[in-house]
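Below is one structure, written out as structure tokens, with a few remarks after it.
There are 2 protein chains.
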Amino acid sequence: MANIKDVAKLANVSVTTVSRVLNNRGYISQETKKSVQDAMNRLQYQPNEVARSLFRRQSYMIGLIIPAVSHPFFAKLTHFIEFYAHLQGYKIVLCNSLMESNKEKDYIEMLKRHQVDGIIMGSHTLEVEDYKEVRLPVVSFDRQIAPKIPYISSDNFTGGIIAAEHLIEKGCKKIAHISGSLALNVLANKRNDGFINTCRKKGLEYCVYETDINVLENDNYEDVINRLFREIPDVDGIFASSDIIAAKVMKKCSELGKRVPDEIKIVGYDDTDIAKYMVPGITTITQPIEAMAKYAVDYVVKQLDEELVPNETVLPVSLTARGTT
Amino acid sequence: MANIKDVAKLANVSVTTVSRVLNNRGYISQETKKSVQDAMNRLQYQPNEVARSLFRRQSYMIGLIIPAVSHPFFAKLTHFIEFYAHLQGYKIVLCNSLMESNKEKDYIEMLKRHQVDGIIMGSHTLEVEDYKEVRLPVVSFDRQIAPKIPYISSDNFTGGIIAAEHLIEKGCKKIAHISGSLALNVLANKRNDGFINTCRKKGLEYCVYETDINVLENDNYEDVINRLFREIPDVDGIFASSDIIAAKVMKKCSELGKRVPDEIKIVGYDDTDIAKYMVPGITTITQPIEAMAKYAVDYVVKQLDEELVPNETVLPVSLTARGTT
DNA sequence: TTGTATGCGTTATCAG
DNA sequence: CTGATAACGCATACAA
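In order, the protein sequence lines correspond to chains A and B. Mapping of the first sequence onto this note's numbering: position 14 corresponds to residue 14, and the numbering continues sequentially without gaps. Each position in the second sequence, counted from 1, maps to that position plus 325 in this note's numbering.
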């Protein structure tokens with residue numbers, strides 16, 4: 001690979017001059033500019049971004065730490081994060097934490113050593129103090145880590161309300177929420193608050209079931225769902241905290257011979273593609289994933305530009321009605 | 326951020342000595358080693374990997390170019406690629422090409438400028454000559470780009486055969502294949518060859534429908550599916566070239582009142598999660614995605630170690646029978 | 001066992 | 001308008 005020196009030699013100029021045409025900086029005569037460009041082309045010169053990064057102490061890389069890209073929600077989020085990062089000239093270094101806190105910690109260190117310009121944090125197994133030493137711009141997803149770390153989430157509380165209200169409107173009398181682990185310090189748990197609040201207000205019988213911390217172990221979902229149907233055989237409405245759980249519930253209903261939506265109604269969460277694909281389509285709470293991704297990238301970049309960013313950014317959710325209700 | 330000089334100063338040694346304890350190289354007394362480590366801890370020193378990369382001309386980064394992580398197949402593939410890369414100390418820079426050839430080209434250049442050690446190529450809109458200038462280790466997914474670029478795929482031809490045979494065994498008399506764009510130069514198209522071969526051999530009526538090049542535009546899928554059912558109303562078996570297409574077919578069947586699998590049978594491809602979630606579960610051709618990911622990473626690393634790698638690596642597929650047949 | 005000097009490829013400063 | 005040089009943070013060859 002040719003470097004700036006080779007170009008300089010071939011064009012009979014100094015490296016400084018080559019650097020100038022490379023960066024369009026300073027005065028330069030048209031002739032030399034052209035001859036330098038010719039040399040670049042002949043050598044197929046590509047500037048070494050590692051050297052540039054070292055010098056300017058900026059890598060144009062953003063680290064993204066999530067539980068797992070294989071999960072549809074994070075796949076979609078990652079997709080848009082990469083998209084908007086690319087628009088602004090940033091690259092994404094992908095890290096799947098698998099919800100293991102030591103992996104999460106290692107990834108943060110690794111990213112720092114690699115001099116990423118910022119980190120988008122969507123996996124949350126660490127404590128607040130673990131973030132003390134991270135002196136990089138961080139944007140958190142779906143969790144309020146510390147006052148100084150801006151977070152982005154959708155309006156989980158309202159999401160829980162909408163879901164519960166929808167089930168109630170549709171005539172459900174005995175509803176359950178299948179929640180993610182409430183032990184986890186994430187804002188998604190506010191869905192449960194919204195759900196419970198609404199049930200209480202309307203004087204409805206309700207119940208909450210928690211899944212494991214692990215986002216990946218789907219087996220655990222099935223255990224929870226089995227338990228739910230065993231303990232509340234006459235449940236007629238389920239609010240599932242992800243479309244995947246909703247799909248699993250649908251499958252169970254089919255096994256049990258419960259007709260959806262006639263005998264039991266289901267509301268999912270996220271509005272990932274699976275909600276559309278299922279037959280019938282899953283009524284779900286739509287998270288504005290693309291907007292969330294865009295904000296995450298913007299906030300990293302803005303912090304780098306030393307612009308002020310809001311600490312809390314809560315984007316609206318909405319109900320997307322389909323066949324399960 | 327403290328650098329090696331700061332550590333040296335605090336420990337009252339030279340940077341060389343610090344470098345030595347950092348890399349466990351050369352002779353060093355226990356005392357100085359300890360005092361250097363103390364200094365490192367006190368300063369929370371983290372080596373700057375950008376500087377290291379510049380020096381050793383190796384970044385431990387691998388570029389991954391795919392059409393879109395949001396697609397379940399690529400999400401799963403990406404997940405495992407990152408997993409195995411991390412095991413070997415490599416980082417993944419994620420690039421979604423959206424199947425736009427200029428984006429694909431730009432990403433390749435960008436990755437080279439950033440001095441990635443290798444590229445895993447899962448998006449294929451470019452011509453062979455576009456790869457002439459890529460002087461990096463490349464591993465291609467599902468396409469034979471050039472003799473010198475090793476590729477990994479699963480046995481698409483056999484996949485097509487298995488799918489067709491399964492539909493025929495199950496009693497289908499008039500079957501169709503919904504294929505990806507056959508204009509694309511990818512090995513997935515061999516599924517179609519296997520399908521057609523089998524149908525001919527068994528003397529069965531068959532038909533092939535192609536979708537667009539674009540993996541993302543699902544609207545197009547629906548058009549194709551609509552056309553299929555309009556033109557062959559009595560089709561009783563469909564081989565869909567992805568689980569997503571299969572799911573869309575199921576939805577259409579539900580709209581048309583066609584009972585699956587009684588009136589029409591469906592075989593998908595990939596065995597992504599959606600095949601499990603759908604009700605009934607989708608009978609599908611299982612690709613060994615994890616193994617494919619592992620091989621891709623291994624081959625990049627082996628090329629870097631100047632080990633020989635096979636040009637063609639075709640992994641076996643298998644049928645996973647579920648409810649749609 | 002430890003230190004000095006040099007270079008990795010680039011950019012900024014400053015002098016011409 | 002152009003060029004020599006130092007510096008970014010680190011690791012190696014070579015001295016001591």
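For every residue, glycine included, the Cβ atom is placed at its ideal position computed from N, Cα and C. These numbers were taken from a predicted model, which means no experiment stands behind them.
Can you give, in chain order, each stretch of the beta strand (DSSP E) that sits fully within the stretch 531-571 of chain B and has at least 3 residues? 562-565
Between which two residues does the alpha helix (DSSP H) harbouring residue 348 (chain B) extend? In the second sequence, the residue the question calls residue 348 (chain B) occupies position 23. That run of the alpha helix (DSSP H) goes 340-348.
Does chain A have any CB closer than 8 angstroms to the CB of residue 658 (chain B)? Nothing can be reported for residue 658 (chain B), as the shown portion of chain B is limited to 326 through 650.
Closer than 7 angstroms by beta-carbon distance: list the chain B residues that pair up with residue 70 (chain A), in chain order. Numbered from 1 along the first sequence, position 70 holds the residue referred to as residue 70 (chain A). Those within 7 angstroms of residue 70 (chain A) in chain B are 400, 401 and 404.
So what does DSSP say about residue 175 (chain A), is it helix, strand or coil? By one-based count along the first sequence, residue 175 (chain A) stands at place 175. Three-state DSSP puts residue 175 (chain A) in a strand.
When the Cα of residue 169 (chain A) is compared with those of A:198, A:294, A:210 and A:178, which residue comes out closest? As a position in the first sequence, residue 169 (chain A) is number 169, starting the count at 1. Answer by Cα proximity: A:198.
Report all residues from its chain with a CB closer than 7 angstroms to the CB of residue 84 (chain A); omit the five preceding and five following residues, and keep chain order. As a first step, residue 84 (chain A) must be located in the first sequence, where it is residue number 84. Hits under 7 angstroms: 293, 294 and 297.
Assuming residue 513 (chain B) and residue 481 (chain B) are in contact, meaning their beta carbons sit under 8 angstroms apart, how far apart are those beta carbons, in whole angstroms? In the second sequence, the residue the question calls residue 513 (chain B) occupies position 188. In the second sequence, the residue the question calls residue 481 (chain B) occupies position 156. That belief holds up - the Cβ atoms of residue 513 (chain B) and residue 481 (chain B) are roughly 6 angstroms apart, short of 8 angstroms.
Mark residue 142 (chain A) as exposed unless 16 or more other C-beta atoms lie within 10 angstroms of its C-beta, in which case mark it buried. Here residue 142 (chain A) refers to the residue found at position 142 when the first sequence is read from its first residue. By the 10 Å Cβ count, residue 142 (chain A) comes out buried.
Any idea what DSSP makes of residue 483 (chain B), helix, strand or coil? By one-based count along the second sequence, residue 483 (chain B) stands at place 158. Three-state result, residue 483 (chain B): helix.
Check whether the stretch 226-245 of chain A and the stretch 263-272 of chain A touch, using three or more Cβ-Cβ pairs below 8 angstroms as the test. yes
Contact list for residue 472 (chain B) against chain A, beta-carbon separation under 8 angstroms: Numbered from its first residue, the second sequence carries residue 472 (chain B) at position 147. The contacting residues do not exist; residue 472 (chain B) stays about 22 angstroms from chain A at best.
Put residue 305 (chain A) into one of helix, strand or coil per three-state DSSP. Along the first sequence, one-based indexing puts residue 305 (chain A) at 305. In the structure shown, residue 305 (chain A) sits in coil (DSSP, three-state: anything other than H, G, I, E or B).
What residue from B:334, B:644 and B:332 has the CA that sits closest to residue 490 (chain B)'s CA? Numbered from 1 along the second sequence, position 165 holds the residue referred to as residue 490 (chain B). Nearest C-alpha to residue 490 (chain B): B:644.
Taking the straight line between their C-alpha atoms, what separation do you get for residue 352 (chain B) and residue 361 (chain B)? For this step, residue 352 (chain B) is matched to residue 27 along the second sequence. For this step, residue 361 (chain B) is matched to residue 36 along the second sequence. One C-alpha to the other measures close to 14 angstroms.
Would you call the CB atoms of residue 538 (chain B) and residue 424 (chain B) closer than 8 angstroms? In the second sequence, the residue the question calls residue 538 (chain B) occupies position 213. In the second sequence, the residue the question calls residue 424 (chain B) occupies position 99. Their beta carbons are under 8 angstroms apart, which means residue 538 (chain B) touches residue 424 (chain B) by this criterion.
Whose C-beta lies closer than 6 angstroms to the C-beta of residue 432 (chain B) among residues of the same chain, with five residues either side of it excluded? By 1-based counting over the second sequence, the position of residue 432 (chain B) is 107. Same-chain partners within the cutoff: 390 and 420.
Can you tell me where the beta strand (DSSP E) holding residue 465 (chain B) begins and where it ends? Translated into the one-based positions of the second sequence, residue 465 (chain B) becomes position 140. Start and end: 463-466.
Does the contact criterion of 3 or more C-beta pairs under 8 angstroms hold for the stretch 397-411 of chain B versus the stretch 340-360 of chain B? no
Which full runs of the beta strand (DSSP E) of 3+ residues lie inside the stretch 370-397 of chain B, going along the chain? 386-391
CA-CA distance, residue 602 (chain B) and residue 488 (chain B)? For this step, residue 602 (chain B) is matched to residue 277 along the second sequence. For this step, residue 488 (chain B) is matched to residue 163 along the second sequence. In this model, residue 602 (chain B) and residue 488 (chain B) are separated by some 20 angstroms (Cα to Cα).
Got a sec: which bits of the stretch 373-387 of chain B sit with their beta carbon under 7 angstroms from any beta carbon on chain A, in order along the chain? 373, 374, 375, 376, 378, 379 and 384
Are the C-beta atoms of residue 453 (chain B) and some chain A residue less than 8 angstroms apart? Along the second sequence, one-based indexing puts residue 453 (chain B) at 128. Output row for residue 453 (chain B): interface = no.
Could you list the residues in the stretch 86-105 of chain A with a C-beta less than 9 angstroms from some C-beta on chain B, going in chain order? 86, 91, 92, 93, 94, 95, 96, 98 and 103
With a threshold of 8 angstroms between beta carbons, is residue 631 (chain B) in contact with chain A? On the second sequence, position 306 is the one that residue 631 (chain B) refers to. It does not; no Cβ of chain A falls within 8 angstroms.
Using 10 angstroms around the beta-carbon of residue 457 (chain B), count the other beta-carbons present and answer buried if the total reaches 16, otherwise exposed. Here residue 457 (chain B) refers to the residue found at position 132 of the second sequence. Exposed, since its Cβ has fewer than 16 Cβ neighbours within 10 Å.
What in chain B is Cβ-close to residue 244 (chain A), meaning under 8 angstroms? Walking along the first sequence from the start, residue 244 (chain A) turns up at place 244. Those are 598 and 602, listed as they occur along chain B.
For residue 38 (chain A), does the count of other Cβ atoms within 10 angstroms reach 16, so buried, or fall short, so exposed? As a first step, residue 38 (chain A) is located in the first sequence; it is residue number 38 there, counting from the start. Taking a 10 Å sphere around the C-beta of residue 38 (chain A), we find fewer than 16 other C-beta atoms and assign the residue as exposed.
Chain B beta carbons: is any one of them nearer than 8 angstroms to that of residue 239 (chain A)? Stepping through the first sequence from its first residue, residue 239 (chain A) is reached at position 239. Chain B contact via Cβ: absent.
Could you work out which residues of chain A lie near residue 647 (chain B), taking near to mean beta carbons separated by less than 8 angstroms? Locating residue 647 (chain B) in the second sequence gives position 322, where the first residue counts as 1. Within chain A, no residue comes near residue 647 (chain B); the closest Cβ sits about 11 angstroms away, beyond 8 angstroms.
Looking at C-alpha atoms only, which residue of A:81, A:196 and A:258 is the closest neighbour of residue 290 (chain A)? Your numbering for residue 290 (chain A) matches position 290 in the first sequence. If we check each option's Cα against that of residue 290 (chain A), A:81 comes out closest.
Please determine, among A:112, A:159, A:205 and A:178, the residue with the shortest C-alpha to C-alpha distance to residue 314 (chain A). Residue 314 (chain A) sits at position 314 when you count from the first residue of the first sequence. Comparing Cα positions, the closest option is A:159.
Tell me whether residue 595 (chain B) sits in a helix, a strand or coil according to DSSP, three-state version. One-based indexing of the second sequence puts residue 595 (chain B) at position 270. It is a strand residue.
Indicate whether at least one CB of chain B lies closer than 8 angstroms to the CB of residue 254 (chain A). Indexing the first sequence from 1 puts residue 254 (chain A) at position 254. Residue 254 (chain A) counts as touching chain B.
Once DSSP output is grouped into helix, strand and coil, what is the label at residue 276 (chain A)? Here residue 276 (chain A) is taken as the residue at index 276 of the first sequence, counted from 1. Looking at residue 276 (chain A) - three-state DSSP - the assignment turns out to be helix.
For residue 502 (chain B), return the contacting residues in chain A, with the cut-off set at a CB-CB distance below 7 angstroms. Locating residue 502 (chain B) in the second sequence gives position 177, where the first residue counts as 1. Those within 7 angstroms of residue 502 (chain B) in chain A number zero; the least Cβ separation is about 20 angstroms.
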